[in-house]
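Enquirer: Numbers 1 to 303, taken from full-length UniProt numbering, label the letters of the sequence shown in order. Quick one: structure below, then a few questions.
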Amino acid sequence: MAILIDKRSRIVIQGITGREATMVTRHTLDYGTNVVAGVTPGKKGQHVHGVPVYNTVREAVDAHQADTSLVVVPPAFALDAVREAIDNGIKVIVVTTENIPQLDTVKMLHLARQNGVRIIGPNTVGMINPKDRVKLGSIGGDNPDRCFVPGHVGVISRSGGMTAETSWMVKRAGFGVSTSVGIGGDALIGTTIRDLLELFERDPDTHAVVTFSEPGTTFEEEAAEFVKSGGFRKPLISFIAGRFTERMPEGTVFGHAGALISGKVGRPSGKAQKLREAGAHVVERYDDLIEVLQSVLAAKEAK
């Protein structure tokens, strides 16, 4: 098994005729993902790497029973694209678009919650399930197998690039991933670390989870509270980047829009403390992920 996507997922790509989406479509199809349709208004009748293009999501759903969407559209159109997907019964939506106006993001996340829809992103590299060879977004590029191999470790990353790097660390440790998810670098996102831990807890194919975190937001603190309350009982190994940021002027933004320290909120040291108190294995150096993961899973197998 995995979380959110598997070989049964029927995927529509919104904005498929754009330059980036065309490239992503090629890589996604080459990986084996079941892309059934694309949508670009006014482009019905075209094909992108063999994928039929429609004017509306309604047409794609009616013709191909699409249930999962990858949104690759300019920021000004992202809200309308998500609204259209939700209105037509799509239940999992991956929004790769960055620089979406915050008010539009608030609206799309509110719509998703009202309709029981899961949004990954916005501003995400996507997610991947190596066992079923399903990926959504640019994650893994044209050679996903370099970093992503099937296994039993869930990966959650706030950084797009470090989603692949952390999955590669899991591979170097001698394991593979069940599902790897880049949650997006914005402060407002549809699915947080805590949300994914809840899904991984219910997934029998996931035996442990590794997280890559950054300064800013309260995502890690919320995850720690969830673990402490017993919501997640599997081994959790975490690395928090950016400890140097605590020595920088308050209000400085580092890389992602969500990497913002304000007062005591968002400090890597505070996040590490909360996670340790909850029972997570917080590593000081990124390379330590390999040794800690090996020892934690060996101890789990010995029980």
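Each residue gets a CB set at the ideal place from its N, CA and C atoms; glycine is no exception.
Kindly indicate which residue of 223, 145, 240 has the alpha-carbon position closest to the one of residue 212.
Expert: 240
Enquirer: For residue 202, count neighbouring C-beta atoms within 10 Å of its own C-beta (all shown protein chains included) and say buried if the count is 16 or more, exposed if not.
Expert: exposed
Enquirer: May I ask which residues mark the beginning and end of the beta strand (DSSP E) holding residue 69?
Expert: 68–71
Enquirer: In the DSSP assignment, what residue or residues form a beta bridge with residue 127?
Expert: 136, 181
Enquirer: The alpha helix (DSSP H) spanning residue 166 covers which residue range?
Expert: 160–172
Enquirer: What are the start and end residues of the alpha helix (DSSP H) that includes residue 148?
Expert: Segment: none, residue 148 is in no alpha helix (DSSP H) and carries neither H nor E.
Enquirer: To the nearest angstrom, how far is the alpha carbon of residue 156 from that of residue 183?
Expert: 7 Å
Enquirer: Whole alpha helix (DSSP H) runs in the UniProt domain "CoA-binding" (4–100) with 4 or more residues, listed along the chain?
Expert: 19–31, 57–64, 75–87
Enquirer: Classify residue 27: buried if its beta carbon has 16 or more other beta carbons within 10 angstroms, exposed otherwise.
Expert: Residue 27 should be labelled buried.
Enquirer: Taking residue 208 as the reference, which of 147, 269, 151 has the closest Cα?
Expert: Closest option to residue 208, Cα to Cα, is 151.
Enquirer: With DSSP as the reference, identify every bridge partner of residue 209, one or two as the case may be.
Expert: Looking at the DSSP assignment, residue 209 forms a beta bridge with 154, 236.
Enquirer: Residue 70 and residue 100: beta carbons closer than 9 Å?
Expert: Not closer than 9 Å, so no.
Enquirer: Hey, could you find the ends of the beta strand (DSSP E) residue 119 is sitting in?
Expert: Residue 119: member of the beta strand (DSSP E) spanning 118–120, first to last residue.
Enquirer: In terms of DSSP beta bridges, what is residue 281 paired with?
Expert: The bridge partners DSSP lists for residue 281 are 237.
Enquirer: Whose CA, out of 65, 158, 165, lies closest to the CA of residue 149?
Expert: 165
Enquirer: Please report how far the alpha carbon of residue 220 lies from the alpha carbon of residue 266, in whole angstroms.
Expert: Near 9 Å, if we compare the C-alpha coordinates of residue 266 and residue 220.
Enquirer: Counting pairs of Cβ atoms below 8 Å between the region 218–233 and the region 273–282, do you hit three or more?
Expert: Inter-segment contact for the region 218–233 and the region 273–282 is present: three or more beta-carbon pairs are separated by less than 8 Å.
Enquirer: Are at least three pairs of beta-carbons, each pair with one atom in the region 48–62 and one in the region 10–27, less than 8 Å apart?
Expert: yes
Enquirer: Select from 230, 272, 117, 39 the residue whose C-alpha is nearest the C-alpha of residue 243.
Expert: 272
Enquirer: Report the CB separation of residue 141 from residue 189 in whole angstroms; it is logged as a contact under 8 Å.
Expert: Residue 141 to residue 189, Cβ: 22 Å. No contact.
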